[in-house]
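The number in the working numbering is simply the position in the sequence shown, starting from 1, with 432 added.
Note that CB positions come from ideal geometry on N, CA and C, so glycine has one too.
Report on one structure; see the data block that follows.
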Amino acid sequence: MSSVRNSKWDKKDLDKVASAEGLSLAKLKRLLDAGRVAIPNNVIRAEHMDGRVLKAIGERMSTKVNVNVGTSKDYVNLEEEAEKARIAVKYGADTIMDLSTGGDINEVRSRILNEVTVPVGTVPIYQAALGRAGERAVVDMSSDDMFNAVRAHAKDGIDFVTIHAGVNLNTLERLKRSTRILDVVSRGGAFHVAWMIHNGHENPFYAEYEYLLEIAKEYELTISLGDGMRPGAILDASDRAKYMENIVLGELVTLAREAGVQAIVEGPGHVPLDEIEAAVKTIKHITDFAPLYLLGPLVTDIAPGYDHFVSAIGGAVAGMYGADFLCMVSPSEHLALPSVEDIKEGTIVTEIAAHVADLVKVGQNEKARKKDADMAQARKKLDWKKQLELAINPEEARRIRDRRPSETDACSICGDLCAIKLVKEFLER
Ligand code: SF4
Numbered sequence: 433m434s435s436v437r438n439s440k441w442d443k444k445d446l447d448k449v450a451s452a453e454g455l456s457l458a459k460l461k462r463l464l465d466a467g468r469v470a471i472p473n474n475v476i477r478a479e480h481m482d483g484r485v486l487k488a489i490g491e492r493m494s495t496k497v498n499v500n501v502g503t504s505k506d507y508v509n510l511e512e513e514a515e516k517a518r519i520a521v522k523y524g525a526d527t528i529m530d531l532s533t534g535g536d537i538n539e540v541r542s543r544i545l546n547e548v549t550v551p552v553g554t555v556p557i558y559q560a561a562l563g564r565a566g567e568r569a570v571v572d573m574s575s576d577d578m579f580n581a582v583r584a585h586a587k588d589g590i591d592f593v594t595i596h597a598g599v600n601l602n603t604l605e606r607l608k609r610s611t612r613i614l615d616v617v618s619r620g621g622a623f624h625v626a627w628m629i630h631n632g633h634e635n636p637f638y639a640e641y642e643y644l645l646e647i648a649k650e651y652e653l654t655i656s657l658g659d660g661m662r663p664g665a666i667l668d669a670s671d672r673a674k675y676m677e678n679i680v681l682g683e684l685v686t687l688a689r690e691a692g693v694q695a696i697v698e699g700p701g702h703v704p705l706d707e708i709e710a711a712v713k714t715i716k717h718i719t720d721f722a723p724l725y726l727l728g729p730l731v732t733d734i735a736p737g738y739d740h741f742v743s744a745i746g747g748a749v750a751g752m753y754g755a756d757f758l759c760m761v762s763p764s765e766h767l768a769l770p771s772v773e774d775i776k777e778g779t780i781v782t783e784i785a786a787h788v789a790d791l792v793k794v795g796q797n798e799k800a801r802k803k804d805a806d807m808a809q810a811r812k813k814l815d816w817k818k819q820l821e822l823a824i825n826p827e828e829a830r831r832i833r834d835r836r837p838s839e840t841d842a843c844s845i846c847g848d849l850c851a852i853k854l855v856k857e858f859l860e861r
């Protein structure tokens with residue numbers, strides 16, 4: 433099998449990644465060469481950024497969390513987007529995606545790239561579509577606009593890009609015949625659907641995929657194959673349009689691997705709990721076990737304001753069945769552009785889902801369970817300092833503990849009647 437990335441990995445870098453993941457260098461290399469793990473690492477950013485942090489995404493790796501930031505046409509605040517990126521990394525985000533569509537997009541991208549040392553991703557089609565003025569900008573963009581946007585982002589040092597190459601004429605036909613409630617909820621997917629219908633041509637990212645791979649190869653850009661047909665309602669999950677796109681994505685993964693380009697596959701979306709296992713396992717098999725990046729899955733549609741919890745429930749279950757990379761969903765999902773506080777809350781809750789998945793993930797479960805074992809020991813000893821240190825968000829745990837202190841060495845829920853203390857005393861007699 434050809435190596436997914438032909439250029440030589442820096443041994444020191446790979447050693448660091450292997451050690452962070454708790455597996456051998458040889459094993460990591462095998463998984464990388466097979467395309468089952470990706471380490472997004474644009475060659476330009478790698479050369480120009482000191483102290484950058486590499487993240488391995490895929491089989492046997494700890495479940496990673498991406499956080500989306502970025503402006504919209506309605507709200508542009510460069511400082512706030514930079515702050516969101518910083519906060520997300522502070523609370524554990526492994527990667528940041530800049531999804532800006534408002535203001536000076538080039539400036540935001542450059543700022544985010546300088547703000548964080550973790551891998552940064554974008555969706556270049558957004559900028560391609562916005563590159564022209566006027567009402568019909570999306571359908572007016574040319575295929576050159578699309579590829580030029582990818583090249584511009586790659587030149588800036590972007591590590592991974594979402595490309596909706598699976599939204600092709602064949603997938604579109606399945607969509608037209610479907611009975612979905614919400615036809616297309618992916619912004620990039622919608623752009624391609626509108627473009628294909630208006631222009632009567634195949635999606636250029638699909639038709640000229642080899643050219644896309646040449647650009648990716650030149651900059652060692654990782655391709656994240658977008659989930660343009662992701663369901664936007666739980667009743668739309670697991671339909672033919674979605675699976676048609678998955679089949680196409682599987683073929684595109686093979687082509688990427690043959691070209692020596694790292695590929696990640698994106699997945700749904702809104703999916704009821706009992707369909708998550710089938711969704712994850714099917715995508716994994718169809719795409720020959722490419723790293724799987726999920727945008728959710730959200731397991732109900734009726735909880736706006738709490739969609740970070742809805743997504744974390746789905747993310748944990750999806751992780752148990754093989755998802756490798758979870759996209760943070762914030763409390764403002766489906767409602768508004770998130771605030772800094774929303775990003776913080778969404779990141780923490782998604783980190784919990786990732787850890788819950790790691791507790792049962794082959795290759796990670798021992799390391800993850802050690803953390804829970806340490807917490808259990810600290811609880812047994814009523815060691816509050818340790819418990820707060822081990823908390824996923826120590827600040828919040830401390831705030832709550834200090835709000836209602838106990839006069840005992842237990843906590844103010846039971847005080848003197850602390851079950852842990854009581855039983856310990858009797859067991860030790
Ligand atoms: S007081 Fe109650 S809640 Fe608090 S540590 Fe003891 S058993 Fe747990």
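Thinking C-alpha only, which one of the options is nearest residue i?
i      : options                        : result
Pro729 : Thr603, Asp774, Gly751         : Gly751
Gly553 : Ser771, Val794, Leu464, His585 : His585
Lys716 : Leu705, Thr686, Leu531         : Thr686
Leu653 : Val697, Ile590, Gly664         : Ile590
His630 : Asp671, Met573, Ser838         : Met573
Ser532 : Gln559, Thr719, Lys803, Ser494 : Gln559
Asn602 : Arg612, Val616, Met628         : Met628
His702 : Val680, Ile666, Ser838         : Ile666
Asp530 : Ile519, Tyr523, Lys522, Arg543 : Arg543
Arg831 : Glu839, Glu547, Glu821         : Glu821
Arg492 : Ala722, Thr527, Ala520, Lys522 : Ala722
Asp706 : Val582, Ala695, Thr732, His633 : Thr732
Lys776 : Ile519, Ala581, Asn546         : Ile519
Met807 : Ile613, Ile824, Cys850, Asp442 : Ile824
Glu605 : Leu724, Leu767, Tyr675         : Tyr675
Ala581 : Ala569, Leu562, Val599, Val571 : Leu562
Asp720 : Ala695, Gly737, Val593         : Ala695
Gly490 : Lys444, Glu860, Ala805, Gly795 : Gly795
Asn635 : Glu677, Asp739, Asp756, Pro700 : Glu677
I'd like the list of long-range same chain contacts for residue i, defined as Cβ closer than 7 Å, with 5 residues on each side in sequence excluded.
i      : result
Lys713 : Tyr753, Gly754
Glu549 : In the sequence as presented, Glu is not what sits at residue 549; that position holds Thr. The residues are Met481, Gly483, Arg484, Val485.
Asp744 : A quick correction: the sequence has Ala, not Asp, at residue 744. Contacts found: Val781, Thr782, Ile784, Ala785.
Ser838 : Ser844, Gly847
Gly454 : Lys799
Could you tell me the boundaries of the beta strand (DSSP E) in which residue i lies?
i      : result
Asp841 : Taken as a continuous stretch (DSSP letters only), Asp841 belongs to no beta strand (DSSP E), as it is neither H nor E.
Asn500 : 496 to 501
Arg654 : Reading off the sequence, residue 654 comes out as Thr, not Arg. Its beta strand (DSSP E) spans residues 654 to 657.
Met529 : 527 to 530
Val593 : 592 to 595
Gly553 : 552 to 554
Tyr725 : 724 to 726
Phe757 : 757 to 759
Taking 6 Å as the limit between beta carbons, can you name the residues of its chain near residue i, skipping five residues before and five after?
i      : result
Ala525 : Val497, Val499, Thr779
Asp774 : Ser762, Pro763, Ser764
Ala748 : Ala785, Val788, Ala789
Gly566 : Bear in mind that a pLDDT of 48 at Gly566, under 50, signals an unreliable position, so the model cannot answer this.
Leu684 : Ala597, Leu657
Ala450 : Leu457, Leu460
Asp671 : Ser610
Lys803 : none
Lys516 : Val501, Val772, Ile775
For residue i, which residues of its own chain have a beta-carbon under 8 Å away from its beta-carbon, when the five flanking residues on both sides are left out?
i      : result
Ser434 : Reliability fails at Ser434, whose pLDDT of 46 lies under 50, so the model's placement of it is uncertain and no value is given.
Asp447 : Leu457
Ile852 : Arg811, Lys812, Leu814, Ala842
Asn797 : Asp790, Leu791
Ile679 : Ile718
Tyr507 : Gly534, Leu769
Ala710 : Ser670
Leu607 : Asp615, Val616, Val625, Met661, Ala673
Phe858 : none
Ile476 : Ala586, Lys587, Asp588, Gly589, Tyr651
At which residues does the alpha helix (DSSP H) containing residue i begin and terminate?
i      : result
Ala691 : No alpha helix (DSSP H) contains Ala691, which DSSP labels as neither H nor E.
Leu854 : 851 to 859
Leu822 : 816 to 822
Pro636 : 636 to 639
Asp864 : Because the chain in this structure spans residues 433 to 861, residue 864 falls outside the shown range and cannot be described.
His633 : Segment: none, His633 is in no alpha helix (DSSP H) and carries neither H nor E.
Ala488 : Where Ala488 is concerned, there is no enclosing alpha helix (DSSP H), given that its DSSP letter is neither H nor E.
Is the CB of residue i under 8 Å away from at least one CB in chain C?
i      : result
Asp591 : In summary, chain C is missing from the structure at hand, where a single protein chain is found.
> Closer than 5 Å from C-beta to any heavy atom of ligand 1: which residues, in chain order?
Replying inline: Residues with a Cβ closer than 5 Å to any heavy atom of ligand 1, in chain order: Ala842, Cys843, Ile845, Cys846, Cys850, Ala851, Ile852.
>> Using a Cβ distance threshold of 8 Å, determine whether the region 615 to 622 contacts the region 648 to 664, with at least three qualifying pairs required.
In response: By the Cβ criterion, the region 615 to 622 is in contact with the region 648 to 664, since at least three pairs of Cβ atoms, one from each stretch, lie closer than 8 Å.
> Contact between the region 533 to 547 and the region 639 to 656: three or more CB pairs below 8 Å?
Replying inline: Between the region 533 to 547 and the region 639 to 656 there are fewer than three inter-stretch CB-CB distances shorter than 8 Å, so the stretches are not counted as touching.
>> With three or more C-beta pairs closer than 8 Å as the rule, is the region 505 to 521 touching the region 466 to 482?
In response: Under the three-pair Cβ rule at 8 Å, the region 466 to 482 does not count as touching the region 505 to 521.
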